[in-house]
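Comments concern the structure below.
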Amino acid sequence: MRSFEIEAKNVFGFRSPRPKSNRFACNVVREVTMKKFMLSLVAGVSGLALLAAPASAQEAGWCSDKTIRVFSGGPAGGAFNSIIDRGALQAAEDTGANVQLIYSEWDFDKMVTQLREAISQRPDGIAMMGHPGNDAIMPLAAEAAAAGIPIMYMNVDVPEVRAAFGSGYVGATLYSQGRNLGEETLRLAGDRLQPGDKAIVMSRWESETRAQRELGLVHVLEEAGMEVIKLQEAEGASADQMLQLPVLTSTVLSNPETKLIGYPGGPWLATAPVFMDAIGKGPDDIIGVGFDLGQGVMRALEGGYALVTADQQPYQQGYLPVLSLCQQLVYNLGPLVVDTGAGFVTQDNYQDVIALAEQGIR
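For the sequence shown, our numbering gives the first residue as 755, with consecutive numbering after it.
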């Protein structure tokens, strides 16, 4: 078992301690009797058998009698949430679970209505977006708990709900991710951004839960002495970003000295070239930063319209809640809590992930 632990550490990249040289110990080893050798061999084989036993017990389709409703968040085929879909469907293939996707067009009220409907239909488990917030979800979470339906939360955390019912969460730590993006933006931009410069940051500012990510970005920029305009998303623009064009255009034209725009998600950042072209700005005129990946974001980075984006690995946000619900339902294991914030993709390193973005995985 000791050697297995060291081997496992090596697999994960940790350095194993180097054994000390000991001539006496080497002589003792050479004098090991055949009897002791055989006993050690038997013990080793038995240990390997014990290690292998749990794996063989987990047969293909081990979660096939469970139905799990997965909230995709956006519209069917959406640039961001389609990556979540792929993760959830891959988990369905790997576990055998019957995964049913629910689309909400990023409408928070619709999510609440759909959650209520899902609970009434008594699936075995639910993977729910946290966008509606603690207050809206709490009574429905209580109803699900009373019905014995576990819920995993994804993409946006609802810590009060999770604390009340012991639920799991798979997604980025939003406020920290926003602050980290702000710090990386200032580092990469260098002297292109100065105290007193203006920035525009867009979000669903009416939603305290959802807007935490952009709020973290705003705070870092303000701490650096920049003036930040918090621009509200237009109604329906989360699903169709072009609905934001009139208000963004008027805001930039009213503030022609704007040096930075913070976009609230991958589909938004992917639309940056269209926005800038409509406003009459080139890739070097206004710095674009934001969140998430996708093929459109890769093109924005390549064209110079995006300086940096913070990745949150939505594929994992689709895959891991399904896996965790299956483990809870079949093996009575505890729920997973996973921070999927993965770091930054920039104009210098986007080519490292562009193939995965084209496959719809990153």
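Beta carbons: idealized from backbone N, C-alpha and C, even for Gly. No experiment lies behind these values; they were computed from the predicted model shown.
For Ile-880, the uninterrupted beta strand (DSSP E) run begins and ends at 879-883, by DSSP.
By the Cβ test, the segment 905-918 is in contact with the segment 1067-1083, since at least three Cβ pairs between them sit closer than 8 angstroms. Tyr-1017 sits buried, since 16 or more C-beta atoms from the chains shown fall within 10 Å of its C-beta. Fewer than three pairs of CB atoms, one per stretch, sit closer than 8 angstroms, so the segment 987-997 makes no contact with the segment 913-933. Secondary structure of Gln-1066 (DSSP, three-state): coil.
Within its own chain, the residues whose Cβ lies closer than 6 angstroms to the Cβ of Glu-897, once the five positions on either side in sequence are excluded, are Ile-873, listed in chain order. Between Val-924 and the set Val-972, Arg-964, Leu-935, Met-882, the nearest pair of CA atoms involves Met-882. In this structure, Pro-1037 sits away from Tyr-1069, with a CB-CB distance that is not shorter than 9 angstroms. With respect to the C-alpha of Pro-1000, the residue from His-973, Glu-987, Pro-1010 having the closest C-alpha is Glu-987. The count of Cβ pairs closer than 8 angstroms, one atom from the segment 1085-1093 and one from the segment 920-936, reaches three, so the stretches are in contact. In this structure, DSSP gives Asp-951 a state outside helix and strand, which the three-state scheme calls coil. Beta-carbon to beta-carbon, Gly-828 and Trp-860 are separated by about 5 angstroms, close enough to satisfy the 8 angstroms threshold.
Distance between Glu-1112 and Ile-983, taken at the CA atoms: about 33 angstroms.
Residue range 1041-1045 is occupied by the beta strand (DSSP E) that includes Phe-1045. Nearest to Arg-958 by alpha-carbon distance, out of Gly-950, Asp-951, Lys-952, Arg-967, is Arg-967. For Leu-1079, the CB contacts under 7 angstroms within the same chain, skipping 5 residues up- and downstream, are Ile-822, Gly-879, Ala-881, Pro-904, Met-906 in chain order. When DSSP assignments are scanned along the segment 864-924, the uninterrupted stretches of beta strand (DSSP E) that are 3 or more residues long and fall wholly within it turn out to be 879-883, 905-908.
Here the alpha carbon of Leu-894 sits roughly 14 angstroms from the alpha carbon of Lys-864. In this structure, Phe-1045 sits near Gln-1066, with a CB-CB distance shorter than 9 angstroms. By alpha-carbon distance to Ala-1096, the top candidate from Ile-837, Arg-1116, Val-853, Ala-1109 is Arg-1116. In this structure, Leu-1002 is the residue among Leu-1002, Gln-948, Arg-946 with its C-alpha nearest to the C-alpha of Ile-954.
For Ile-856, the uninterrupted beta strand (DSSP E) run begins and ends at 852-856, by DSSP. Taking all protein chains shown into account, Gly-902 has fewer than 16 neighbouring C-beta atoms within 10 Å of its C-beta and is therefore exposed. In the DSSP annotation of this structure, the continuous segment of the alpha helix (DSSP H) that includes Gly-970 starts and ends at 966-977. Within the same chain, Cβ atoms closer than 7 angstroms to the Cβ of Asn-934 are found at Ala-1064, the five residues on either side in sequence being excluded. Residue burial annotation: Thr-939 is buried, with at least 16 other C-beta atoms found within 10 angstroms of its C-beta.
Between Asp-819 and Asp-889, the alpha-carbon positions lie close to 32 angstroms from each other.
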